[in-house]
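FYI, in this note's numbering the residues of the sequence shown are 1120 to 1420.
Ideal Cβ positions, reconstructed from N, Cα and C, are used throughout, including at glycine.
Some notes on the structure that comes next.
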Amino acid sequence: METTAKKNWLKILSIILGVVFLLSGFGKLNGVDAFESLIESYGFPQLAFMAPAIIIFEILLGILLVLCFRLKLLGLVSAITLLVFTIFYSYAFIVHGITDCGCFGSNPVLQSSPAMSYIRNAIMIGVSIILLIYGDNNKKHLSKYVLCLISLLLVVCAFVTGKSFRTPSMFAKPHPMFMKPLSETRIPEYVELSSDSTYVIYVFSYDCTSCWNNMANFMNYDKDSIADRSIGFCVGGKGKKTFMNYFKPEFTIYEIDESFSDNVKIVPTFLYIQDGIVHDIIQGQVINSRLFRDIYINNNN
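Structure representation (structure tokens):
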């Protein structure tokens, strides 16, 4: 009887742990670009290309935990995974001041403070260790029908991640505006800029989900005085009133026509202008302002 009760409790813990991993994976599923941006803001831009694989791994681990498959092995995998995630988050929190771990994507309901993130991870690591110590590691196999369903679900998830995955900068072709004088771009058609000042420009759309996710990062450039002036270029979209009421930006936003897509084809796009030249272009994201200052500005000066 005691053995049966222990097995039931282990199954309950495994299912709860699996549900958390599923919430984490599915929370990031339709916003892979935002998760890539998060990895880069953590200070690991060279690992951003792994974002889809991490999401698929979380979903697979969650499914197997819910199915209570080989608890001892899954407890070990879960404990190591959570420990690695916690170490990476601690580095980002201490070195780059990142407070939101982004564990559940951009869903504001599931966002938590650093303290709550550490408490949650500690509890999950504890549950994983319990599964590792007391769980069985029997050699039972999943039925072929279950394997087919899992495979189908993972294929669908991979397809969805591909829809919002952007090409990492290390593999992307140089942008046509990169290191070009302002006179060779269309920017002067919308705003007059001085050649002896620095600017950051955020090209976005009001109805772009990724643009919303990155807006807070861009607003920090103004607060941290990264450039002499912050500017917004909006290429349209519905929801202007909602956008303005939510963010209340203190920088000027210029409404530009869609023909500007000759210069910028992806939103959001971040531009850094110095000495009348477009020095840096980051497409699909806005990285943490402190990280940009450390990596881009300080390294180029």
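- For residue 1371, DSSP records a beta bridge to 1350.
- Taking a contact as a CB-CB distance under 8 Å, the pair residue 1175 and residue 1166 does not count as one, their CB atoms being some 15 Å apart.
- A direct Cα-Cα distance of roughly 49 Å separates residue 1352 from residue 1265.
- Nearest to residue 1358 by alpha-carbon distance, out of 1324, 1381, 1243, 1252, is 1324.
- Take the alpha-carbon of residue 1155 and the one of residue 1338: they are about 19 Å apart.
- Judged by DSSP in its simplified three-state form, residue 1261 adopts coil rather than helix or strand.
- Contact annotation: residue 1401 and residue 1298 have beta-carbon atoms that are not nearer than 8 Å.
- Counting only runs of at least 3 residues, the segment 1386-1412 fully encloses the following beta strand (DSSP E) elements, listed from N- to C-terminal order: 1388-1393, 1396-1402.
- Nearest Cα to residue 1317 within the set 1195, 1189, 1139, 1412: 1412.
- Bridge partners of residue 1317 according to DSSP: 1393.
- Per the coordinates, the alpha-carbon of residue 1274 lies some 32 Å from the alpha-carbon of residue 1389.
- Rounded to whole angstroms, the gap between the alpha carbons of residue 1134 and residue 1250 is 11 Å.
- Within the model, the alpha-carbon separation for residue 1349 versus residue 1147 is close to 29 Å.
- By the CB criterion at 8 Å, residue 1319 and residue 1391 fall inside the cutoff.
- Between residue 1296 and residue 1364, the C-beta spacing is not below 8 Å.
- Look at the beta carbons and you see the segment 1170-1190 not touching the segment 1210-1219: under three pairs across the two are nearer than 8 Å.
- In this structure, residue 1330 places its C-beta atom within 8 Å of the C-beta atom of residue 1387.
- The criterion of a C-beta distance shorter than 8 Å is not satisfied by residue 1254 and residue 1185.
- Apart from the 5 residues on each side of it in sequence, residue 1236 sits with its Cβ closer than 6 Å to the Cβ of 1220 in its chain, given in chain order.
- Distances from the CA of residue 1294 to each of 1398, 1207, 1335, 1306 were compared; the closest alpha carbon is that of 1398.
- For the options 1343, 1304, 1341, 1196, the alpha carbon positioned closest to that of residue 1378 is the one of 1304.
- Take the alpha-carbon of residue 1370 and the one of residue 1361: they are about 17 Å apart.
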